[in-house]
Structure formats: structure tokens, C-alpha cells
Amino acid sequence: MFKDFDAITVGDTHALLKKISVADVRKFVDRTGDDPQNLGRTYAETTSYIPTVIGVKLSGVGALWVAQNIAFLLQVRLGDIRCTELKKYDQARLLELDSRTVNQNQQFVLSGNWTVRVLATAAPGVSVTPVGCLKVATIVSGAAATINSAEGWYEIAVQTDIAIEEGAPQPFEAACRVFGGLSVWVKNATPRIHPKLLVASSWSDVQQLGVQVKSTYLMTKACVSAAIERCSGRVINIISQVPQGTPLVSWNGYAMDKDTLDVFSRWVAGKLGSQAISVDCMASGMCGTTQIGYIPEKAQPMIRYQTPLRRLAKLADVAAVGLLVSNGVAFVTGNKLAVNGGMAMR
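Heads up: the sequence shown runs through residues 17 to 362, numbered per our numbering.
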């Protein structure tokens, strides 16, 4: 029904030429109650020019006027109107248009700028691909030996310190060199937890902010630059159920840093949403990895018992992060997916 928005390009120009007659002016005056002087034989005016060019010629049927700024320079008598597209905003389906009207003496009689929104109608039986689902490459920080090549993955390893400005861009640069681009960035890197009581700890003991938050900040800046240009991308930050569960008196720094990362993710999601970049978190429960090796084995059955699903998380459970980069959740951002067996509920 409406004109294909993707077929409209910056620089498109359409012109409408029309000779104004007394009959045209009389019809206009009869309908609008306009100034009677418009009926004079030496005076002609019409309002069909601009709507015709914007609504039919350039952007096609289905263009809604959002804003307009018109300067009437001379009386409009005879001539044509020319409309040129200046800018195009794909996500909002907006066009910025420039218009010039000239009379029979090639004098500018009207100039203006318009912003219009082009409506979209999905054809019956045609599936619409969600924005932000381009799969080029995925960066997973802190993912030592967790990707299965047998399942069709081609992987490279990049060893760097993502908590420093020199090291954070290196995984992104490597992905661009090898795969030609990046679609998904999963922040999983976490330092080993060193639990201490508050009275026995120092500020350095809770300074995991360098890895948990600073590295996320630096790598997000590095990765989203190309995503903004492409208007597509996913950022997933792996956090923890710890800040939402019963406070553990010896895990002050870990809880502070993971909760800070949750807040950071929501604020970035609000900022990048207009570029079709989603930012979400996955809060995992205690998982059977080397990260919990310091927890006494005899204490682990108690943790299982306190979990409604009666077990610790598995690597396959944490792999549910794949849900947040699938096409089915392209409209989800700023969200937190809890994968903890019910250990912490909200």
C-alpha cells in the first residue's frame, strides 16, 4: 500500500508542475472559506502542492506530517514546487524534506522544511525480520574452553586485559579482522572471589570494579561503535543472583560490583535503544565451575537443598544467554534474566 521506505534515498527529488486557474481557486475558497481576494483573476493560490508532493510523489501514500516550517516570500501565482530529501532516519522511518516553490518568473515564493513519517504495512504472508538480529560474530569475555567447535562454531582466543584502555578494544578488533564484524558481546569475565568479613577487609579487597565494571564500560564503548553505524547489536552482561538473595556478610565487594553492573546495563540500554542495540543481563545462580571451588564440598548439598529445583546451575543452564540474542526477543532490552533454579525470586 505505502511506498517502500528502503527504496527512498537521500537526494531523491520530485517536482510537481501545475497551472493555477480561476476554477482551482474558487474550489479552494468554497471549501476553506479563504480570503475572497483569492477569487481575483490576477491572484491564484492552491494548497494542493505541498501535500501532493510529500504525500504522493516523494515518500508515497502514508506519510504523516510531524513538523513543518514555511516561509512565504512572495504571492503564489503560477509555477511549480520541488521537494528534495535531506536526511533519512531508518529506525523512526522519518524523512527531512526541503521544499522550494517558484513562480512564472522563476522567483522563490515559498520555502520550507518538513519532517514526515512514512507508515509501513507488512504484506500478507510476509514475515518481518526483527531489527538487531544480524549474526556476524560473538565476543565472550572470560570464556575459556566453553564453546564447542563440534557444533559448528569457529572460534579464536584473544588474551588481553580488558580492564585497561589499551586491552579492552583488542577482542573487538580481532573479531573485525577475522570475522568481518561483530553482532553480540557477552561480558562474562569475573575475578576469583575472596570472601572476607567487613572488619577484616580493606578497600582493595572490594575493588573488583576494575574487572566487573570498568572492563564492561571500556569494552561496551569499543564494541558499540560499529553497532551504532549498523543500527544492530546485542550486549549481554553476566551478573549474579547474589545481590538479590540473602546477604552474605563476606561477599561485600562481589555483591557491590555485580549490582553496579546491573544498574550500568539498564542505563546503557536506555541510551542505545534508539540505535536498535539491546543491553540485557543474565543473573546466574551458583554454577559448578572452578569459580566456586573455594566453597567447601560439604556446604554445597545445603545450597542445593535451599534451591527450589534442588541442584546447582550447569553450564548448559548458563548457556540460556543465547535466548537473549535470539530473534524471538528482539524487542527486549534493559531486562534481567534470572537463571538460578528459584534461589532468588522477585
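Even glycine gets a Cβ: it sits at the ideal position worked out from N, Cα and C. All values derive from a computational prediction rather than experimental measurement.
Distance CB(residue i)-CB(residue j) smaller than 7 Å
i      : j      : result
Ile244 : Gln186 : no
Cys297 : Lys352 : yes
Ile178 : Ser157 : yes
Arg109 : Val132 : no
Ala184 : Ala242 : no
Val295 : Thr349 : yes
Ile252 : Val337 : yes
Gln257 : Ala299 : yes
Ile209 : Gly249 : no
Trp219 : Ile155 : no
Gln316 : Asp273 : no
Gly301 : Asn343 : no
Whole-angstrom distance between residue j and residue i, CA atom to CA atom
i      : j      : result
Met359 : Asp333 : 14 Å
Arg326 : Val345 : 28 Å
Pro191 : Ser199 : Sequence check: residue 191 is Ala here, not Pro. The straight-line gap from Cα to Cα measures roughly 10 Å.
Val194 : Thr323 : 42 Å
Gly197 : Ala153 : 6 Å
Glu182 : Gln175 : 12 Å
Leu414 : Glu171 : What the structure shows of the chain is the stretch from 17 to 362, and residue 414 is not part of that stretch, so it cannot be assessed.
Tyr321 : Leu328 : 10 Å
Cys303 : Ala354 : 13 Å
Asn268 : Gln260 : 13 Å
Ser127 : Val118 : 9 Å
Ala39  : Val125 : 22 Å
Lys203 : Arg362 : 23 Å
Asp28  : Arg116 : 14 Å
Gln122 : Val26  : 25 Å
Cys149 : Lys43  : At Cys149, the pLDDT of 39 sits below 50, so the modelled position is not reliable; the number obtained from the coordinates is stated separately. Cα to Cα, the separation comes out at about 52 Å.
Asp20  : Leu339 : 31 Å
Cys247 : Tyr270 : 34 Å
Ala335 : Asn85  : 53 Å
Ile319 : Phe188 : 38 Å
Thr145 : His30  : At Thr145, the pLDDT of 41 sits below 50, so the modelled position is not reliable; the number obtained from the coordinates is stated separately. Using only the alpha carbons, I get a separation of about 31 Å.
Asp366 : Val341 : Only positions 17 to 362 of the chain appear in the structure, and residue 366 is not among them; the question remains open.
Asp278 : Ile24  : 40 Å
Phe347 : Phe280 : 19 Å
Leu331 : Ala173 : 19 Å
Val240 : Thr276 : 20 Å
Leu214 : Ser266 : 7 Å
Helix, strand or coil at residue i [DSSP, three-state]
i      : result
Phe188 : helix
Ala285 : helix
Val26  : coil
Phe280 : helix
Cys297 : strand
Gly196 : coil
Val215 : helix
Lys203 : strand
Val337 : helix
Asn268 : helix
Arg42  : helix
Val174 : coil
Leu113 : strand
Ile319 : helix
Lys330 : coil
Val348 : coil
Leu234 : helix
Gly71  : Low local confidence applies: a pLDDT of 48 at Gly71 is under 50, so the model's placement there is unreliable, with the coordinate-based value given in what follows. Gly71 falls in the helix class under three-state DSSP.
Ala1   : Not covered by the structure: residue 1. The range shown for the chain is 17 to 362.
Cys303 : strand
Ile254 : strand
Arg133 : strand
Ala87  : strand
Ser248 : coil
Ala360 : coil
Cβ separation of residue i and residue j, assumed to be a contact under 8 Å, to the nearest whole Å
i      : j      : result
Leu111 : Asn129 : With a Cβ gap of about 11 Å, Leu111 and Asn129 do not count as contacting.
Closer than 7 Å to chain D by CB, residue i
i      : result
Arg327 : The structure shown contains no chain D; it is built from a single protein chain.
Q: Determine, using beta-carbon pairs with one atom in the stretch 229-241 and one in the stretch 274-284, whether at least three such pairs fall under 8 Å.
A: yes
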